[in-house]
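Comments concern the structure below.
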Amino acid sequence: MNSHEPNPNTEAPPRVDEPPRKSPWSTKAKVLRLLWAVVEVTLWRYSPTPAWGFRRFLLRCFGARVGRGVRVHPSVKVIIPWNIDLGQGVVVYERAILYALGTITVGERSEIGPLAHICAGTHDYTSPAFTLLREPISIGKDCLIGIAAFVAP
Numbered sequence: 000m001n002s003h004e005p006n007p008n009t010e011a012p013p014r015v016d017e018p019p020r021k022s023p024w025s026t027k028a029k030v031l032r033l034l035w036a037v038v039e040v041t042l043w044r045y046s047p048t049p050a051w052g053f054r055r056f057l058l059r060c061f062g063a064r065v066g067r068g069v070r071v072h073p074s075v076k077v078i079i080p081w082n083i084d085l086g087q088g089v090v091v092y093e094r095a096i097l098y099a100l101g102t103i104t105v106g107e108r109s110e111i112g113p114l115a116h117i118c119a120g121t122h123d124y125t126s127p128a129f130t131l132l133r134e135p136i137s138i139g140k141d142c143l144i145g146i147a148a149f150v151a152p
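All residue numbers for the sequence shown refer to numbering that gives the first Met the number 0, where the first residue is 0 and numbers rise by one.
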């Protein structure tokens, strides 16, 4: 076989014509996500651990519904806080991730363990465009999500 001839064993599969992908985010949502990202890596991350009220305030400023006595550690990664509803007395421990593509609702007195990942979003794997699905997650009252658990829709 000549080195300039295509090798049938190494050719890429034929491309499927896909429609152009449009961002699922509005301009307003993109700007809010950028503002939150700046707040999160500055004011949020470097706030002292006992500054529970300050972090509740920051979440509320970005549209989260936060009950009395909620404790969210400064190492928690919060993505899209306006889709989050934390009931009274909820605790979110160190390095947990609240990825609120869809709504995340956590009932009163529930706890999200360290390194837990609550991911309210997925993709439609049957769609050629791999469409983003923003599915809600609801965690009841008095629940414990364990260390390094992954919760998805």
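All C-beta atoms in this analysis are idealised placements derived from N, C-alpha and C, irrespective of residue type, glycine included.
Predicted model only: the values in this text are computed from it and were never measured.
Cβ shell of residue i (< 7 Å), same chain only, five flanking positions each side left out
i, result
"G181", "Residue 181 falls outside the range modelled here, since the chain spans only 0 to 152, and no answer is possible."
"H178", "Not covered by the structure: residue 178. The range shown for the chain is 0 to 152."
"V38", "L57"
"W35", "F61 and P80"
"T48", "H72 and P73"
Proximal residues to residue i (C-beta, below 8 Å), its chain only, five neighbours per side dropped
i, result
"F149", "A115, H116 and C118"
"K140", "G86, G106, E107, R108 and S109"
"G112", "Y92, A95, L143, I144, G145, I146, A147 and A148"
Exposure of residue i, with buried meaning 16 or more beta-carbon neighbours within 10 Å
i, result
"E110", "buried"
"V30", "exposed"
"R44", "exposed"
Residue i vs residue j beta-carbon contact at 8 Å
i, j, result
"L33", "V65", "no"
"P152", "I136", "yes"
"P23", "S46", "no"
"V40", "R54", "no"
Per DSSP, the bridge partner or partners of residue i
i, result
"K76", "I96"
"V91", "V71 and I111"
"R64", "D84"
"V150", "I117"
Beta-carbon contacts of residue i that lie in its chain and below 6 Å, excluding the five residues immediately before and after
i, result
"A63", "P80 and I83"
"V75", "V91 and A95"
"V69", "R55, L85 and V89"
"A28", "none"
"R67", "Q87"
"W51", "R70"
"V77", "L97"
Any non-hydrogen atom of the ligand ZN closer than 7 Å to residue i Cβ
i, result
"V69", "As presented, the structure is devoid of all ligands, the ligand ZN included, so that no description of it is given."
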